[in-house]
Structure formats: C-alpha cells, structure tokens
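The next block holds one structure in the form of structure tokens; read it before the comments.
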Amino acid sequence: MRAARSRAAALAAAAVAMLGGQTARVAQAQQLDVPSILKENRPVQRGVEYDSPSSPAEVSSCAAEVVPPGRSGPGIKGVSVIIRDGQGRTLRRFLDVSGDGNIDQWCYYRDGFEVYRDVDYNDDRRIDESRWLNTAGTRIAVVEGGKIASWRRLSAQEASKVLVDAIVSGDHDLLNTVMAAPEELAALGLPKGLVDQVRAELAGRKAAVEELTRKLSGWGWTNTTAWLRFDADMPHLIPADVASGLKDDLLLFENAVVFAGSPDGLGDLGQVAYLQVPELVRVGEAWKFVGLPRAFNPDPSQAEVIVAYDGIRSWLYREGAGAAGPVASGVSPELEKALRALADFDAQAVDIFAKGDTKAIAQYHYERVRKLRDVIAAAPEADRIEYEKEAINSLAAAYQTGDEQVGPATKKVLDDFVKGGGPLSSYAAFRLIPAEYSLRASKDPDHLVEAQKKWVEELEAFLKAYPRSAEVPEALFQLASIKEFNGAEDEARAVYDRLAKEFPDSSFGRKGAGALRRLDLVGQPIALSGPGADGQTVDASSMKGKHLLVVFGANSSPPTQRELPELIRLADRRKDTLAVIGVSLDGDPESAQAFASQAPWPTIVEQGGMESRLADEFGIISLPTMFLVDPSGKVVDRDVRSAVEVEGQLDEALAKKQ
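Residue 579 in UniProt numbering sits at position 579 of the sequence shown, and the numbers go up by one each step.
And the structure:
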C-alpha cells in the first residue's frame with residue numbers, strides 16, 4: 001500500500017486529536033498540511049481525471065475543514081476531512097466511516113462533483129474497491145493487492161476503455177478482467193461448443209495479444225494512445241424462452257467498433273487503427289468480451305470488412321435448428337440474407353452522398369426502403385418495429401429531397417403510416433414535420449419566418465395529438481428552440497421547463513435544463529472548465545480581474561467562422577482588459593483542433609459536439625453562442641452577438657469607472 005494511505009491514516013488521527021470532542025473550527029483545520037495532503041493522496045487506479053491545483057497560488061488558496069463524528073452523513077461514525085479550492089469547490093473528501101481512527105474512504109472531485117472513490121471496507125488499510133461516479137462513469141472494481149481483480153459493475157463503453165488501457169499498458173491481468181471466462185459463458189447457458197472454443201483460445205491468448213499489439217504498433221498506436229469512443233448499434237436481447245439452455249435473457253453487442261487515438265482526442269484518426277469487436281456479453285452487471293478484438297488497418301487501400309460469422313447467435317441457431325427450428329431471437333437464414341443485402345446496398349452508396357446528386361440520393365433512400373421490406377418480412381414480430389422505423393427514416397429522407405418522381409410516392413406511404421395508428425403513427429408524423437419544413441425552406445428561402453411559424457404550429461399539433469408518444473421530448477426541444485430563436489423567450493422558458501421536469505433523465509431533458517440555466521446566467525458567477533487543446537485544464541474562474549468572453553463555436557459552423565477574425569482582432573486590441581475562452585463544439589477531433597488552432601486564446605475541447613457535456617450544461621442551440629463576464633466573475637450578457645457588441649460593452653464599463 002502506498003505511503004499516501006499511511007499519510008491519510010495520520011491525517012485522520014490528527015483530525016481526531018484536533019477536534020478533541022469539540023466542534024470543528026476553520027482555525028483548527030488550517031493546521032493540517034493541505035499541500036502535502038493533496039500531493040500524497042492519489043487514486044489507486046491510473047487514468048482518473050480529477051481536479052488537482054497545480055500552481056503554488058492555487059495550492060495555497062486551498063483550505064481544509066474537519067467535520068466531527070456524527071456530522072459527516074448517515075453511517076459515518078468517525079471524522080471527515082474536506083479540502084476545498086479557493087472558489088469553495090470540493091476537491092477531496094477523506095472519511096473515517098467505521099470510526100476506528102483511520103481513513104477508509106478517499107473521494108476525488110472534478111468541477112465540484114465526486115468522480116472517483118477508493119474504499120477500505122475491512123479496516124486493514126488496504127483498498128478493497130474503486131468506484132467511478134457521475135461524469136466519470138459507473139464502474140465498480142474489486143481491488144486485491146492494489147490491482148483490479150474483477151468488476152462488480154462495468155458498462156460496455158467502459159469495458160472497451162479498460163480493454164484499450166490494458167492493451168496500451170501491456171497489463172494482461174487487467175485485460176483478463178474484461179474477457180468472459182469459459183465458466184462464465186457456461187453459467188449463462190451458452191452452447192458447450194462455444195464454451196470449448198473460448199477455452200481453447202484462452203491458452204493462446206497471451207501470444208494473440210502480443211500479435212495484436214504488434215499490428216497496432218505499426219498502425220499508429222503508441223504508449224500514449226488512449227480510448228476515444230465505443231460505437232455500436234443497439235444491444236441485442238436473446239430471450240431465454242426461444243434458445244434452449246439459456247438460464248436467462250441474454251444481452252449482447254455485435255460488431256462494435258472501438259476508436260483510440262491521442263489522449264486529447266485530437267490528431268488524425270485516419271492514421272490510427274481501430275478495433276472491431278465481434279461480441280460483448282453481459283455477465284451479471286459487467287459487460288465482457290467473448291473474444292479478442294481485431295485490429296482494423298486505417299489505410300483504406302488495405303482495409304477489409306471483418307464480420308463475426310461464428311458467434312453466439314450462430315451457435316444458438318445451429319444447436320436449436322435440429323429441434324425447435326430457428327432460435328436466437330429469430331435470426332433465420334432468410335433474415336441473415338436480407339440484412340447482408342441491406343449492408344451491401346448501403347456500402348455502395350458512399351459515392352452518391354459525396355457527389356451530392358439530389359435525384360440519386362432520393363432514389364437511394366427509396367430503394368433502401370425496398371431492402372428494408374425484405375428485412376421486415378424475415379424478422380420476428382418483436383423486432384419488426386425497429387426496422388419499420390428505419391424504413392420511415394428513409395421515406396422521410398427521400399421525401400425531403402423534393403424529387404418530383406420519388407416525393408409523392410414516399411409522402412403517400414408516410415401518410416399511410418400516420419393513419420395506421422400505434423407507435424409507428426407518431427413516429428412517422430414526427431419525422432414528417434422537419435421534412436416538410438426543409439421542403440418549404442428550400443423552395444421559398446425568402447419566407448423562412450413563415451416556414452418556421454408553420455413548423456411551430458405542426459409541432460404544437462403533434463404534441464396535442466400524441467401527448468404520450470416517445471417522440472415528445474424531442475418535439476418539445478425543437479419547439480422551445482424555435483421559440484427562443486424567434487424571440488419568444490417567455491414561451492421558450494415554459495417549454496424548456498416542462499421538458500426538464502417531465503423528462504429529466506432524457507438527453508433532451510438535460511438540454512432543456514441547461515437552456516434554463518443559460519437564460520438565467522446574468523448576474524450569476526460563471527462556472528466553466530474543461531480540458532484544453534494542449535491537455536491543460538482551462539478554467540473560467542482563473543480569469544478574474546479582466547472581462548471574460550466565452551465563445552462556444554465550431555470550425556464547421558459558418559457563422560462562427562465569419563465572426564472569428566473580428567473576435568481575434570478585438571482580443572488583440574483589448575488584451576489588457578479582456579480575456580477569451582473558446583469552447584469547441586465540433587463533432588470530430590480534427591475539426592476541434594482546427595477551431596482551437598485558429599485563435600490565440602485557450603480553447604476547451606471535449607468530445608460530443610452539440611451533445612457534449614458543456615453544450616448540455618448551458619443548453620447551447622446555436623453557434624456561435626457568447627457570454628460576457630465581468631472582472632468579478634459574474635455574467636453580464638449571455639447573448640452577445642458580435643465583436644462590435646462586446647467592444648461597446650467594454651467601452652461602457654470603462655466610462656462608468658471614470
């Protein structure tokens with residue numbers, strides 16, 4: 001166990017001695033050596049992202065509070081020590097839960113929220129569990145001897161991250177924690193042939209990992225390569241009642257892709273190999289890989305499509321076909337053939353979109369519906385609705401092109417879906433609304449206000465007609481955004497408020513809550529931080545003393561690009577009184593890097609584009625969005641439109657001082 005643990009034990013003892021049974025006081029807490037506490041107490045697991053003051057000024061501004069027994073929360077018998085930064089945000093929390101005089105819980109924070117926790121459950125001064133929380137994820141690791149031995153909880157996304165970390169670090173033990181053991185697969189009730197296949201592969205896994213690592217090293221991976229994202233279709237569920245031997249419903253992902261690259265998410269992903277994952281299966285609360293991933297050469301001239309043909313569903317089908325016919329959630333040869341035809345058809349359409357030929361695009365979507373009909377006909381009844389939604393998407397896309405030959409036919413089919421009732425009725429009705437708006441806007445661009453008014457009317461009519469449909473959150477968000485764009489702010493607030501209250505756990509609900517926060521920013525302190533393009537943390541709170549302009553923008557946003565040169569000139573003219581922070585909302589790392597490199601100020605770069613953390617926190621709906629913050633750190637304008645407007649406000653503030 002690292003020295004930090006003994007240091008923390010001494011910390012608890014010192015805190016107990018200081019309290020002496022009395023109420024904790026700040027003066028007593030200040031006797032703790034805060035710089036040493038911050039330096040010596042670190043997460044047991046590597047790669048945790050948490051706030052850690054770096055400069056001497058930041059460290060010296062931190063303060064400790066010792067909370068006496070009985071006041072730290074339910075079930076906490078001993079003292080706790082809280083470290084806060086100069087802004088009052090929590091950085092660390094150390095707790096003596098059992099009351100034995102030793103710290104047994106170490107908590108680490110980012111942006112004021114706990115993101116990681118180490119726990120000693122049996123008071124042997126050794127970590128038994130590591131947990132990731134809030135924005136850091138959901139992982140719960142069982143720790144033995146300071147290393148992760150297994151997982152109590154692990155999402156598929158996090159399993160892919162652990163996989164990349166293990167490959168890059170060469171940690172075979174960590175890799176094994178995310179690989180499904182033969183015994184685990186047998187316990188799920190999977191076919192013996194599959195279990196034996198995995199057991200046979202296990203003997204050569206170390207050599208296979210070494211070969212995989214060798215390939216990756218030649219295809220852009222280095223010892224600093226980091227996980228970027230996990231891409232997959234929806235998980236599959238194989239019901240226990242249609243597959244002989246399954247102990248319970250089986251959840252799995254098929255043919256997922258894991259992307260990795262530079263730790264800051266920048267750089268050219270086209271030069272870095274990615275991993276194709278044949279299958280992941282859920283074992284208890286942890287997702288695990290059935291077999292090793294396959295390296296995919298980033299060079300298009302050498303790449304090949306890799307598909308898992310002999311996976312879980314194939315095994316279940318073969319074993320069940322002789323008795324009860326096709327199993328594994330209805331994957332019959334007919335369905336497999338139809339899906340293959342659809343995939344081949346989509347693969348051939350890349351050039352169509354690259355050329356931008358509207359007629360060809362309309363025809364592609366129209367023909368795609370025919371392919372989907374074959375899939376729907378072969379699919380089991382329970383799976384058909386998702387394929388039917390795909391068909392509706394293609395119909396709406398074809399109609400939206402305005403093609404005179406395809407348009408009327410697709411519109412008629414969409415209308416039939418709407419009249420048919422059920423969940424597909426609301427889905428088709430909702431997909432028609434933006435398609436109709438796009439058509440009106442493209443045919444009559446001089447009357448966009450009228451087109452938007454009609455869009456609002458159609459959304460409001462949809463919400464009345466389908467008040468309980470799954471599309472309501474997205475419809476509310478569209479409605480609120482349009483109202484805000486058109487200056488009907490009070491009406492927009494009401495819709496955002498409904499969205500946040502009725503659908504708090506949806507992505508649109510979070511965006512609505514963020515929009516309300518943005519609308520109420522004036523007079524409030526700005527709380528905004530994140531990783532910069534150079535890997536260093538960019539924090540608005542460190543910019544006090546000058547006016548601060550926060551610019552949410554993107555390299556892919558024409559309005560941002562039009563305004564950026566003026567903003568750069570303004571920042572140069574007013575550099576003594578104005579600081580600027582950029583926030584990239586580009587969807588891909590290369591564009592984000594391009595946006596960050598254009599301007600001389602620090603830029604926060606996070607993945608997700610318009611669905612990223614900060615975009616949601618502030619409910620960003622258009623770019624550029626700019627906030628002006630005064631020297632005390634409070635927002636004075638949350639809707640700055642231009643560099644000229646910023647300069648006018650700076651002149652006004654200067655005049656008031658004189």
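Idealized CB from N, CA, C, for every residue including glycine. What you are looking at is a predicted structure, and each value in this text was computed from that prediction instead of being measured.
Which residues bound the beta strand (DSSP E) around residue i?
i: Arg-638; result: 635 to 640
i: Val-551; result: 547 to 553
i: Ser-98; result: Here Ser-98 belongs to no beta strand (DSSP E), and DSSP marks it neither H nor E.
i: Asp-118; result: 113 to 119
i: Lys-483; result: Run containing Lys-483: none in the beta strand (DSSP E); it sits in the alpha helix (DSSP H), 472 to 485.
i: Asp-231; result: 226 to 231
i: Trp-287; result: 286 to 289
i: Tyr-108; result: 105 to 110
i: Val-580; result: 578 to 584
The alpha helix (DSSP H) that contains residue i, what's its start and end?
i: His-172; result: 172 to 176
i: Asp-534; result: Taken as a continuous stretch (DSSP letters only), Asp-534 belongs to no alpha helix (DSSP H), as it is neither H nor E.
i: Glu-210; result: 205 to 218
i: Leu-185; result: 182 to 187
i: Tyr-437; result: 423 to 443
i: Phe-508; result: 507 to 519
i: Gly-593; result: The sequence given here has Gln at residue 593, not Gly. 589 to 598 is the span of the alpha helix (DSSP H), which, as asked, contains Gln-593.
i: Val-59; result: 56 to 60
i: Gly-407; result: 407 to 419
Cutting at 6 angstroms between CB atoms, please list the residues of its own chain near residue i, excluding the five before and the five after it.
i: Leu-335; result: Ala-378 and Ala-379
i: Ile-86; result: In the sequence on display, residue 86 carries Gly and not Ile. If we look at Gly-86 and ignore the five residues flanking it on each side, its Cβ neighbours are Ser-61.
i: Leu-275; result: Val-258 and Pro-293
i: Ala-397; result: His-365
i: Ala-494; result: none
i: Leu-432; result: Leu-414
Would you report the Cα separation of residue i and residue j, rounded to the nearest angstrom?
i: Ile-526; j: Asp-586; result: 22 angstroms
i: Arg-93; j: Asp-104; result: 11 angstroms
i: Asp-124; j: Asn-102; result: 10 angstroms
i: Gly-609; j: Gly-553; result: 10 angstroms
i: Arg-153; j: Gly-532; result: 31 angstroms
i: Gln-658; j: Gly-648; result: 16 angstroms
i: Pro-239; j: Asp-248; result: 7 angstroms
i: Thr-224; j: Ser-262; result: 7 angstroms
i: Gly-633; j: Ser-541; result: 7 angstroms
i: Tyr-121; j: Arg-46; result: 21 angstroms
i: Leu-251; j: Trp-151; result: 17 angstroms
i: Glu-471; j: Gln-524; result: 34 angstroms
i: Glu-450; j: Leu-654; result: 42 angstroms
i: Ile-568; j: Gly-204; result: 57 angstroms
i: Gly-21; j: Lys-544; result: Since pLDDT at Gly-21 reaches only 33, below the 50 mark, its modelled position is unreliable, and no value is offered.
i: Asp-241; j: Asn-134; result: 36 angstroms
i: Leu-175; j: Ala-207; result: 13 angstroms
i: Ala-488; j: Lys-443; result: 26 angstroms
i: Gly-596; j: Ile-581; result: According to the sequence as given, residue 596 is Ala; it is not Gly. If you take the alpha carbons of Ala-596 and Ile-581, they lie about 10 angstroms apart.
i: Gly-291; j: Ser-591; result: 34 angstroms
Go through its chain and collect everything with a Cβ distance to residue i's Cβ below 8 angstroms, but skip five positions before and after it.
i: Leu-578; result: Lys-546, His-547, Leu-548, Leu-549, Leu-570, Ala-571, Val-646 and Leu-650
i: Phe-485; result: Gln-452, Ile-621 and Ser-622
i: Gly-537; result: The sequence given here has Thr at residue 537, not Gly. Asp-51, Ser-529, Gly-530 and Pro-531.
i: Ser-642; result: Glu-563 and Glu-566
i: Leu-339; result: Val-375
i: Asp-616; result: Ser-507, Arg-510, Lys-511 and Gly-514
What distance in whole Å lies between the Cβ atoms of residue j and residue i, which are believed to be in contact at a cut-off of 8 angstroms?
i: Ile-127; j: Val-44; result: 5 angstroms
i: Val-79; j: Pro-69; result: 6 angstroms
i: Thr-138; j: Gly-112; result: With 8 angstroms as the limit, Thr-138 and Gly-112 do not qualify as a contact, their Cβ atoms being about 19 angstroms apart.
i: Leu-342; j: Lys-371; result: 5 angstroms
i: Ala-515; j: Tyr-496; result: 5 angstroms
i: Lys-359; j: Asp-403; result: 6 angstroms
i: Leu-163; j: Phe-289; result: 7 angstroms
i: Glu-49; j: Ala-166; result: At roughly 18 angstroms, the Cβ-Cβ gap does not stay under 8 angstroms, so Glu-49 and Ala-166 are not in contact.
i: Glu-279; j: Gly-311; result: 5 angstroms
Go through its chain and collect everything with a Cβ distance to residue i's Cβ below 7 angstroms, but skip five positions before and after it.
i: Val-406; result: Ala-362, Gln-363, Tyr-366 and Ala-398
i: Phe-477; result: Leu-499, Phe-508, Lys-511 and Gly-512
i: Glu-304; result: Only weak support exists for where Glu-304 lies, its pLDDT of 42 falling under 50; the value from the coordinates is given anyway. No residues qualify anywhere along the chain.
i: Ala-321; result: At Ala-321, the pLDDT of 40 sits below 50, so the modelled position is not reliable; the number obtained from the coordinates is stated separately. None.
i: Lys-161; result: Trp-227
7 angstroms is my cut-off, CB to CB: does residue i come that close to chain D?
i: Lys-656; result: The structure shown contains no chain D, having only a single protein chain.
Does the region 58 to 69 come into contact with the region 32 to 40, if we say contact requires no fewer than three beta-carbon pairs (one atom in each stretch) closer than 8 angstroms?
yes
**Asked** Can you find at least 3 beta carbon pairs, one from the region 555 to 572 and one from the region 517 to 524, that sit closer than 8 angstroms?
**Response** no
How about the region 455 to 472 and the region 408 to 416: do they share at least three Cβ pairs that are nearer than 8 angstroms?
no
| Meets three-Cβ-pair contact criterion under 8 angstroms: the region 48 to 55 and the region 140 to 156 | no
Would the region 279 to 292 and the region 178 to 186 be scored as touching if the rule is three or more Cβ pairs under 8 angstroms? yes
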